[in-house]
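Going down the list, the sequences are from chains A and B.
Just so we're aligned: 125 in the working numbering is position 125 of the first sequence, and the numbers increase by one with no gaps anywhere.
Just so we're aligned: 78 in the working numbering is position 78 of the second sequence, and the numbers increase by one with no gaps anywhere.
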Amino acid sequence: MEISFRTQPMDPATGIAFCWELRIVADPPVALADLFIPELFFDFFFVQMGELRGSAAASRTEWILPRQSLKTLHTHALTLTFTTPLRLFGARLPLQFGELFWEASPGANTFLAQEWVEPGVADLAAFAEQVAGVVNGRAAPKTPYPLLKNGLEESTWLSSYSPRHKRRLYQATFGLSCQALQRIANLHAFLAQNCDFDPDSPRLIGYVNAELFYDQPHFNHAFKKMVGLTPLAYFEASSVLQDNLMAVSYNAFPAQDR
Amino acid sequence: MNTKHSQNDVVNDYLNGLDAAIAPLFFAVRECVLAAGPAFNESIKWKNCLVYGTTKNHIQTVVGKGKISLIFLNGVTLADQYGLLEGDGSKARTMRIHSTDFNREALADYVQQTLVTL
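As structure tokens, then:
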């Protein structure tokens, strides 16, 4: 099985974090399961060759993804199964994309069918250009000013709004509450750490963020609820696509910008 | 970059960004792992761990100060005739490598056993 993963950095002015292309060739063809955990990014997928199936353990449902789809924010893990040969393009969109998305409230935990690129797009550069054209051309701010500043910090103009009004704004913009967004951010504060195990004691407890989790049981519970696996089972699980997306995101976007 | 180019841009970025003091050791270990386990694909897990896997992850590489740690995620199943695997956990075992004259035969054996015990 050969897997190649290419990335294309994007100008921040395009509103796109980066674009990527994943190719998998296997002889004989295989179905490859990829675990996807919640992240504070929207993802656009374009399946040019092969097939992508999604399944969520929480709802016990399975579906075939449209050729072009937008993955909204998720609160629980899902499994994407690739069939080979696969040629998959994608664009990673930061949280702020939710504020500019031109359709009505995207809702969480869903894939929205889209038509952003020509089906015969030749390569990653052409894909990136077409996606940038759509994202910039159709952007329609949902509020007069952005809801969030850096990271999850709320904009000051919201201070005069009631908690109920703010909850509605968050739901309409991101499909999730502020608390749900923070829970996802906490998970990634743990996963995004530099991994430099102590030579004598490579224990997980040394990496549990004390300012975010009371103790290791609290961390384990929060992790398992969101990921569906224990931390150690998660590290062993294969996630060809999301591992790469997360690595690029962690290195390209410091925590305060995510 | 004085090592085999990866099919994965993220891995190449990672290899290019390695500290010059540790890069030769890292490249030597990587060369040995890929030679013994050509079926492995590489990816970056967490922020900065190179992982070798097939349909699941098998070996995690962690760069420490002056050393490379190879964490065999299911290392408890490996027959350790060289006595180089550390750890007493229920699953993982770690091989720590400090210099480029490390025991290549042992590493190749662990890698091949890992692929056999899939």
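Built from N, CA and C at the ideal position, the CB exists for glycine as well.
Asked                                                                                                                                        : Found
Span of the beta strand (DSSP E), counted from its first residue to its last, around A/Ala-113                                               : 111-113
Below-8 angstroms beta-carbon distance, A/Leu-11 vs any chain B residue                                                                      : It is Asp, not Leu, that sits at residue 11 of chain A in the sequence shown. Chain B, which has no Cβ nearer than 8 angstroms to the Cβ of A/Asp-11, makes this no.
Those runs of the alpha helix (DSSP H) which lie wholly inside the segment 143-180 of chain A and span at least 4 residues                   : 163-174
Three-state secondary structure assigned by DSSP to B/Thr-3                                                                                  : coil
DSSP three-state assignment for A/Pro-12, whether helix, strand or coil                                                                      : helix
Beta strand (DSSP E) segment containing A/Gly-54, residue limits                                                                             : 41-56
Cutoff 8 angstroms: B/Leu-15 Cβ touching any chain A Cβ                                                                                      : no
Proximal chain A residues relative to B/Val-10, where beta-carbon distance stays under 7 angstroms                                           : Phe-5, Thr-7, Asn-244, Ala-247 and Val-248
Top-ranked residue by Cα proximity to A/Asn-244, from A/Ala-57, A/Ile-37 and A/Val-25                                                        : A/Ile-37
Cβ-based burial, B/Tyr-59 [other Cβ within 10 Å; buried from 16]                                                                             : Tyr is not the amino acid found at residue 59 of chain B; the sequence shown has Ile there. The residue is buried, with at least 16 neighbouring Cβ atoms inside 10 Å.
Length at least 3, wholly inside the segment 70-122 of chain A: the beta strand (DSSP E) runs in chain order                                 : 78-94 and 111-113
Any chain A beta carbon closer than 8 angstroms to B/Gly-53                                                                                  : yes
Same chain, Cβ closer than 8 angstroms to B/Arg-93, neighbours up to 5 away in sequence not counted                                          : Ile-71, Phe-72, Gly-75, Val-76, Leu-78, Asp-80, Leu-85, Glu-86 and Gly-87
Residues that A/Ser-238 contacts on chain B, provided the C-beta gap is smaller than 7 angstroms                                             : Gly-53, Thr-55, Lys-56 and Asn-57
C-beta contact flag for A/Ala-31 and A/Thr-81 at 8 angstroms                                                                                 : yes
Neighbour-count burial assignment, A/Met-246, 16 or more Cβ in a 10 Å radius                                                                 : buried
Contacts around A/Leu-187, its chain only, beta-carbon distance under 8 angstroms, and the 5 residues preceding and following it disregarded : Ile-37, Pro-38, Ala-222, Phe-223, Met-226 and Val-227
Proximal residues, the segment 17-29 of chain B versus chain A, C-beta separation under 7 angstroms                                          : none
Simplified DSSP assignment, three categories, for A/Ala-33                                                                                   : strand
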